[in-house]
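Chemist:
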Amino acid sequence: MSSRFEAPESESLRKFVLHVIDEMPWRVVAAILFVCFFFFYGATNAALKVTGIDPATIDFPAGPLIGVIASIILFFVLVRVKRRTR
C-alpha cells in the first residue's frame, strides 16, 4: 500500500501537458525560454532588493546568470520531452 496519495486527475493532466509540449512549435519554445529568462532575472533582482541589497552594487550579475541558468534547464527539459520515444 502506497502512502502517497495520487489524484486520478494527475495522469490526465500529465498526458495533457505532454501533448501541449509535443504540439508546440520550436518558435514557441524559444518564446517560452525568453519569458523564463526575464522572469527569473526579475525575480532574482526583486529578491535581492527585498533583502536590502541593491543589484547594481554587487560585483556579480546574479540576475542575468540565474535567468540564463533557468532558461537552459527549461530548454533541456522541453527538448527531452519533445524528443522522447513514444
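In numbering that gives the first Met the number 0, the protein residues as written are 0 to 85.
All residues carry an ideal CB built from backbone N, CA and C; glycine is no exception.
Everything numeric in this text was worked out from a predicted model, so none of it was measured.
1. Quick check on the burial criterion: 16 or more other C-beta atoms within 10 angstroms. Buried or exposed for residue 39?
2. Nearest CA to the CA of residue 80: which residue from 14, 34, 50 and 9?
3. How long is the line joining the alpha carbons of residue 51 and residue 18, rounded to whole angstroms?
4. Just the C-alpha distance for residue 35 and residue 69, rounded to the nearest angstrom, thanks.
5. Going by beta carbon distance, what residues of the same chain come within less than 7 Å of residue 28, once the five residues before and after it are set aside?
Modeler: Result, derived from the coordinates:
1. Within a 10 Å sphere around the beta-carbon of residue 39 sit 16 or more other beta-carbons, which makes this residue buried.
2. Considering only alpha carbons, the answer is 14.
3. Going from the Cα of residue 51 to the Cα of residue 18 covers about 43 Å.
4. Answer to the nearest angstrom: the Cα atoms are 7 Å apart.
5. Only 77 meet the Cβ criterion.
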